[in-house]
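Taking it in order: structure first as structure tokens, then the write-up.
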């Protein structure tokens, strides 16, 4: 608002159905895509997702999910008659602390995954452009916080302009442990 934007609160109807549709679509598509590969070649968390897609979902589930995807596209088109940019937190929760063994054993915690993906599902389902902009740090944990910006199809330039404006005003600091792939001397 202080930069001249008009903030309009919007409500996305039937979010639970959209989330379920997204899960069904993703699980079905990854199961189909990786069907010819040995399951043992994946980490345990991916093995669980593949098994869910193969053993619990059928073509009727997938077709129903695609009807909801079409509905979501209509909702999104209506949304962009009201606003130029749809702004949400990037994630609904801060990044979780991971134990060291998670990188070897994998992690399958669907409630955490759902919470982390809560705001990205709509854009992912309908293919609208989006980006994430760092805007600060959480008080206690000092973990980064970011906003997700999404716009109607072919309006990436609007997102980039707004992201530049927001990022220029956001506090920045280099993490304690930092390795730059662009500046090898910083490692």
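Numbering (UniProt numbering), first residue to last: 1 to 187.
Backbone N, C-alpha and C fix where the C-beta goes; we use that ideal spot for every residue, glycine too.
Here the structure is a predicted model, which means the values were calculated and not measured.
Can you tell me which of the options puts its alpha carbon nearest to the alpha carbon of residue i?
| i | options | result |
| --- | --- | --- |
| residue 114 | 43, 67, 66, 22 | 22 |
| residue 150 | 180, 174, 79 | 79 |
| residue 175 | 166, 155, 148, 141 | 141 |
| residue 169 | 73, 55, 153, 146 | 146 |
| residue 138 | 45, 96, 43 | 96 |
| residue 112 | 55, 87, 178, 45 | 45 |
Verify whether the separation of the beta carbon atoms of residue i and residue j is less than 7 Å.
| i | j | result |
| --- | --- | --- |
| residue 129 | residue 159 | yes |
| residue 245 | residue 28 | Residue 245 lies beyond the stretch modelled for the chain, which goes from 1 to 187, so this question has no answer here. |
| residue 126 | residue 90 | no |
| residue 61 | residue 24 | yes |
| residue 131 | residue 163 | yes |
| residue 8 | residue 82 | yes |
| residue 209 | residue 20 | A query on residue 209 cannot be resolved here, the shown segment of the chain reaching from 1 to 187 and no further. |
Give me, in chain order, the residues of the same chain whose beta-carbon lies closer than 8 Å to that of residue i; leave out the 5 immediate sequence neighbours on both sides.
| i | result |
| --- | --- |
| residue 172 | 134 |
What does the Cβ neighbour count give for residue i, buried or exposed, with the cut at 16 atoms within 10 Å?
| i | result |
| --- | --- |
| residue 181 | exposed |
| residue 177 | exposed |
Which parts of the UniProt domain "Amidase" (2 to 159) are runs of the beta strand (DSSP E), unbroken and 3 residues or longer, counting only runs that do not cross its ends?
Listed in chain order, they are 85 to 89, 130 to 137, 144 to 151.
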